[in-house]
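Residue numbers (this note's numbering), protein chains in the order written: chain A, 653 to 780; chain B, 41 to 546.
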């Protein structure tokens, strides 16, 4: 979809399209994509989506910080990893409360899309 | 030589992607029908939409579809084809496939099985070159493993020399000898490593070409067996032996070298009884050329030759198959201007070139004079990880090399592919590099200058503002919704599997 917008005093014409959860841009001779939502937490996800006991890499990129070690406790929403790609930083958060059962990456690692980066042992609520 | 022509009515295309489209186009120009022999997922491709008939030959896996000789031959026959074009890759250099096509009573649009076998066999090809006096990369592969003898052999070749484990592979036991002082010690060390790694201390020596250019000659044998060369291409820009940018003609050849190398290329092809299109590859260093190998098929980079010659190699292949293409006695081929081809790969240049897959959205190539786009997939098609990541080729012609480089950069900047990341930013960097512009690049260009890939791009404040505008009004921009692409396109079911947050780095 073509766009032509005034940003400040600049006339900006280009192409943009949303495919899945990414916005694709072509502007001034360059194509790039960014995530559609910058919001955190499960807002964009379908209701009742199962919480995941693992974090997979959302994109190929580089691990810049590993904030939790194996065996450490995590609470749902904690940032556990930070990765970088295309000059963008991405904070990866745990969806579950429990313990880190496995760390599948190190600082500086180049990781592939879908690679499992961290696994958790989910703490189940004591209902008795 | 008297030849009888046989009209081809329907060509089976034993390939996929952009080259399948290329072959179908050439057939259409000649009024010939086509049969696409395709895998299951490739029903979503441009070639599938274009072909007259389609035959599914198996599932996605190439081993069960595109590499199956019998399935391809059976499919071609069942659909009433009278000829088969193998394209490049897959079965194109498999002499058993060529033979199977002929045995089924069909025309193979390529060289004879015998020529494919002889030139494809590295040992036999080298033996043939030796007989014809064509220079090969000097080496020693003899039985005498005495260190003093090996040092003498290295001296004869001239340093640097590479020593390789005879039983080896993958770089183990491989060493580069740069001077006679270290030769003895390094050869002994390579022998020890070879013994422990492969159980045999035997080593080979080969002259190490550390600043060579990749130069190749397009050859074409007509229906009568007369071979001509159709000038040269330079393909020095390679990553892990995979070509990225090719051009015609080579800016590195003197007229004497062009003459000598062209003659060598024709000589080896003629000696093998070559018919149809082929390529003779050389390495060129310090004004000396060495035969590398012969590719017995149409080459990925054939369009640059076509652009400077105004020729159609695929059409020539089909006419040769009909026994109709005959070289005229005085050469009709004369290069004009300069052409550059860039291979577009679906990969992320900012993440070390990791392959990128997904559903294609908007795809736009800026048409114009001297601009040619070869692609096999359109908006709504998916790029999957089953096949080669090369998704398109951009070929640009202009009157001279500097204008051609400038134009190619502009064409790449104006080319838009949404849905998968591409190496376009990487191609632009290469084309803008001083060594490329001054055409001093060698086959080590990429490993020397682009070993670490590209630096991440920065999102400008203007771009950040544009991103925000789309985020606040997403409906208008969504694929398949009121954007002209068509509502038949279903967005990929893949969703981001987790939660998180982005921020632009300052």
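The C-beta atom is built at its ideal place from N, Cα and C for all residues, glycine as well.
Check                                                                                                                                        : Outcome
Given 8 Å, three or more beta-carbon pairs between the region 302-315 of chain B and the region 224-242 of chain B                           : no
Sufficient close CB pairs (3 or more, under 8 Å) joining the region 73-91 of chain B to the region 129-137 of chain B                        : no
Contacting positions in the region 741-763 of chain A - beta carbon closer than 8 Å to chain B                                               : 741, 742, 743, 744, 745, 747, 762
Cross-chain neighbours of residue 677 of chain A in chain B, by beta carbon under 9 Å                                                        : 458, 503, 506, 507, 510
Cβ neighbour criterion (16 or more within 10 Å) applied to residue 68 of chain B                                                             : exposed
Member of A:683, A:689, A:665 whose CA lies at the smallest distance from the CA of residue 672 of chain A                                   : A:689
Sheet register partners of residue 56 of chain B (DSSP bridge)                                                                               : Answer is none; residue 56 of chain B lacks a bridge partner.
Close-in-space but distant-in-sequence residues of the same chain around residue 712 of chain A (CB under 8 Å, 5 per side omitted)           : 737, 762, 763, 764, 765
Residue 268 of chain B and residue 367 of chain B closer than 7 Å at C-beta                                                                  : yes
Per-residue DSSP class, three states only, for residue 214 of chain B                                                                        : coil
For residue 337 of chain B and residue 318 of chain B, believed in contact at Cβ under 8 Å, the rounded distance                             : 7 Å
Reference residue 383 of chain B, options B:394, B:171, B:278, closest by Cα                                                                 : B:278
Exposure of residue 126 of chain B, with buried meaning 16 or more beta-carbon neighbours within 10 Å                                        : buried
Beta strand (DSSP E) runs contained entirely in the region 223-291 of chain B, provided each spans 3 or more residues                        : 243-247, 253-261, 267-279, 282-288
Nearest neighbour of residue 48 of chain B, chosen from B:57, B:60, B:55, B:75 [CA to CA]                                                    : B:75
Residues bridged to residue 650 of chain A [DSSP beta-bridge criterion]                                                                      : Residue numbering for chain A in the displayed model covers 653 to 780; residue 650 of chain A lies beyond these limits and cannot be assessed.
Whole runs of the beta strand (DSSP E) within the region 93-144 of chain B, excluding any shorter than 3 residues                            : 93-98, 123-125
Beta-carbon proximity check, residue 386 of chain B vs residue 429 of chain B, cutoff 7 Å                                                    : yes
Environment of residue 666 of chain A [buried if 16+ CB atoms lie within 10 Å]                                                               : buried
Exposure label - residue 462 of chain B; buried when at least 16 CB within 10 Å                                                              : buried
Residue 663 of chain A burial status per 10 Å Cβ neighbour count (16 or more: buried)                                                        : exposed
Touching by the beta-carbon criterion (3+ pairs, under 8 Å), the region 411-420 of chain B and the region 471-482 of chain B                 : no
Per DSSP, the bridge partner or partners of residue 670 of chain A                                                                           : A:675, B:518
Own chain residues within Cβ distance below 8 Å of residue 655 of chain A, not counting five before or after                                 : 664, 665, 666, 667, 668
Under 7 Å between C-beta atoms of residue 514 of chain B and residue 734 of chain A                                                          : no
Nearest-angstrom Cα separation, counted from residue 445 of chain B out to residue 294 of chain B                                            : 21 Å
Below-7 Å beta-carbon distance, residue 388 of chain B vs any chain A residue                                                                : yes
Neighbour flag for residue 291 of chain B against chain A, beta carbons, 7 Å                                                                 : no
Closest residue to residue 62 of chain B among B:423, B:335, B:358, B:468 (Cα-Cα distance)                                                   : B:358
N-terminal and C-terminal residue of the alpha helix (DSSP H) that residue 165 of chain B is part of                                         : 162-171
Contacts that residue 668 of chain A makes with chain B (C-beta to C-beta distance below 8 Å)                                                : 506, 510, 517
Cβ neighbour criterion (16 or more within 10 Å) applied to residue 372 of chain B                                                            : exposed
Chain-order list of residues whose beta-carbon lies under 6 Å from that of residue 458 of chain B (same chain, five-residue window excluded) : 401, 402
Contact check, residue 146 of chain B vs residue 115 of chain B, beta carbons under 7 Å                                                      : no
Residue 396 of chain B burial status per 10 Å Cβ neighbour count (16 or more: buried)                                                        : buried
DSSP state of residue 499 of chain B mapped onto helix, strand, coil                                                                         : coil
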